[in-house]
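Numbers 431 to 739, taken from this note's numbering, label the letters of the sequence shown in order.
Positions of the beta carbon are idealized from the N, C-alpha and C atoms, including for glycine.
One structure is given below, encoded as structure tokens.
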Amino acid sequence: MYFQGGGWCNNVTTCLARKNTRLGSSKQMATEVVFSGILSSLQKFNPDFYNWNRIKVRYCDGASFTGDVEAVNPTTNLHFRGARVFVAIIEDLLAKGLKNAENAMLSGCSAGGLTSILHCDNFRALMPMGTKVKCLSDAGYFINTKDVSGALHIEGFYNEVVTTHGSAKNLPLSCTSNKRPGLIKNILAPGVADPHGIWHNCKLDITKCSSTQIQTMQEFRLAFLSALAGLGTSSSRGMFINSCYAHCQTEMQETWLRADSPVLGGVTIAKAVGDWYYDRSPFQKIDCPYPCDKSCHNRIFDPNEHPLI
């Protein structure tokens with residue numbers, strides 16, 4: 431089960447802006463979607479999961495499916511009930527045969543990757559005890575660190591998301607009991623921290639970054655790895671952390687599994703995920719700093735598709 435990404439909305443204004451887009455209205459969503467990468471039905475492109483039942487869940491609530499507010503503002507008609515939507519989706523699928531699954535994976539990218547982290551325990555609890563369940567987060571581990579202006583933008587932003595959507599009660603207790611609820615374009619250099627657009631071209635294309643910007647990103651990499659180390663060690667956890675300038679690598683065939691796909695230690699993302707899921711062998715590898723990895727497919731982002739960059 432793959433949850434789509436698409437950022438978050440942190441107040442009524444930003445949520446209204448999404449209301450009539452593909453991130454808030456099924457009327458605006460594409461009627462057909464190509465299933466590639468981890469969702470491919472072709473054995474040669476997806477050898478470990480090609481014959482699974484594959485589901486892509488559209489993103490519609492703006493809070494990684496954590497919202498739960500009973501009241502509906504009659505003026506805006508906004509419903510902040512993503513957590514209820516998540517449960518309804520799983521219950522609907524259980525009735526359609528998911529209850530018979532021997533294997534299941536909750537996955538997603540970006541905001542969808544955060545969904546897979548936040549709802550992993552919920553998903554496990556909703557599934558039959560005999561089902562093997564694992565959760566995969568692609569580009570969904572967001573750290574609390576200062577942006578290029580020196581401000582903790584992401585902490586305040588997430589706090590507003592949690593407050594607007596009433597998300598606190600749906601966040602894992604294992605996180606909120608130890609920590610306060612709370613990648614480059616969203617955390618390190620959001621637009622609010624870069625009013626003169628100095629980072630604009632760099633965020634679209636890493637080859638347009640200055641040496642100073644590259645150094646800033648290398649420092650961000652170290653902060654990310656430090657936050658990751660804070661999770662502690664676990665033999666059951668898998669990690670494929672490369673230094674490619676990319677986003678959502680599991681759903682793109684060129685980065686998931688192809689003759690020229692990115693590799694770590696000679697292993698593709700597809701093989702690493704398969705080995706981890708089926709317990710064939712542990713995989714926990716971290717790449718050398720950019721630009722040492724020549725197998726990368728460094729992405730150039732289209733400003734029309736990413737207007738907030």
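Taking buried to mean at least 16 other C-beta atoms within 10 Å of its own C-beta, is residue i buried or exposed?
{"i": "Val464", "result": "exposed"}
{"i": "Arg448", "result": "buried"}
{"i": "Gly454", "result": "buried"}
{"i": "Tyr708", "result": "exposed"}
{"i": "Ala460", "result": "exposed"}
{"i": "Ala525", "result": "exposed"}
{"i": "Gly660", "result": "exposed"}
{"i": "Leu544", "result": "buried"}
{"i": "Ala700", "result": "buried"}
{"i": "Gln643", "result": "buried"}
{"i": "Ser691", "result": "buried"}
{"i": "Cys722", "result": "exposed"}
{"i": "Glu462", "result": "exposed"}
{"i": "Ala501", "result": "exposed"}
{"i": "Asp522", "result": "exposed"}
{"i": "Met559", "result": "exposed"}
{"i": "Thr443", "result": "exposed"}
{"i": "Leu508", "result": "buried"}
{"i": "Leu687", "result": "buried"}
Quick one: residues in its chain with C-beta nearer than 7 Å to the C-beta of residue i, no 5 flanking neighbours on either side, listed in chain order?
{"i": "Val719", "result": "The sequence as given places Pro at residue 719; Val does not occur at that position. Cβ neighbours of Pro719 beyond the five flanking positions: Gln648, Arg651, Ser673."}
{"i": "Ser546", "result": "Phe433, Leu536, Ser537, Gly538, Cys565, Leu566, Ser567, Gly570"}
{"i": "Thr451", "result": "Gln458"}
{"i": "Pro602", "result": "Leu548, Asp551"}
{"i": "Lys529", "result": "Pro558"}
{"i": "Ser666", "result": "none"}
{"i": "Tyr685", "result": "Here the sequence assigns Thr to residue 685, which means Tyr is not the residue at that position. These residues qualify, in order along the chain: Ala676, Gln679, Ser691, Pro692, Ile699, His727."}
Could you tell me whether the Cβ atoms of residue i and residue j are closer together than 8 Å?
{"i": "Cys539", "j": "Ala569", "result": "yes"}
{"i": "Ile485", "j": "Glu681", "result": "no"}
{"i": "Phe392", "j": "Gly668", "result": "There is simply no residue 392 to check, as the chain begins at 431 and stops at 739 in what is shown."}
{"i": "Tyr675", "j": "Ile636", "result": "yes"}
{"i": "Gln683", "j": "Phe475", "result": "yes"}
{"i": "Arg729", "j": "His677", "result": "yes"}
{"i": "Phe670", "j": "Lys715", "result": "yes"}
{"i": "Asn600", "j": "Glu585", "result": "no"}
{"i": "Thr506", "j": "Leu446", "result": "yes"}
{"i": "Ser766", "j": "Tyr480", "result": "There is simply no residue 766 to check, as the chain begins at 431 and stops at 739 in what is shown."}
{"i": "Val591", "j": "Asn440", "result": "yes"}
{"i": "Ala531", "j": "Thr561", "result": "yes"}
Ordered along the chain, which non-local residues of its own chain (more than five positions away) have a Cβ less than 6 Å from that of residue i?
{"i": "Val563", "result": "Ala534, Arg554, Met557"}
{"i": "Gly436", "result": "Leu453, Tyr489, Ala541"}
{"i": "Asp478", "result": "Gly704"}
{"i": "Cys726", "result": "Cys674, Pro692"}
{"i": "Cys639", "result": "Cys632"}
{"i": "Val697", "result": "none"}
{"i": "Leu658", "result": "none"}
{"i": "Trp706", "result": "Gly668, Phe713"}
{"i": "Phe587", "result": "Asn440"}
{"i": "Met431", "result": "Ile485, Leu536"}
I'd like the list of long-range same chain contacts for residue i, defined as Cβ closer than 8 Å, with 5 residues on each side in sequence excluded.
{"i": "Gly426", "result": "In the structure as shown, the chain begins at 431 and stops at 739. Residue 426 is therefore absent and cannot be evaluated."}
{"i": "Ser664", "result": "none"}
{"i": "Leu472", "result": "Tyr480"}
{"i": "Ala702", "result": "Gly668, Phe670, Leu694, Phe713, Lys715"}
- Query: Looking at C-beta atoms only, is the number of pairs between the stretch 507-516 and the stretch 488-499 that lie closer than 8 Å three or more?
  - Reply: Between the stretch 507-516 and the stretch 488-499 there are three or more C-beta pairs closer than 8 Å, enough to call the two in contact.
- Could you name each continuous beta strand (DSSP E) segment of 3 residues or more that falls completely within the stretch 669-737, going from the start of the chain to the end? Within the stretch 669-737, the complete beta strand (DSSP E) runs of at least 3 residues are 669-671, 714-716.
- Task: Quick one: which unbroken alpha helix (DSSP H) runs of 4-plus residues sit fully inside the stretch 526-607? Chain order, please.
- Result: Listed in chain order, they are 541-548, 550-556, 583-595, 603-606.
- Please go through the stretch 435-523 and give each complete alpha helix (DSSP H) segment of 4 or more residues, from N-terminal end onward. Runs found: 442-449.
- Item | Inside the stretch 630-656 only - beta strand (DSSP E) runs reaching at least 3 residues | Taking only runs of at least 3 residues, no beta strand (DSSP E) segment lies wholly in the stretch 630-656.
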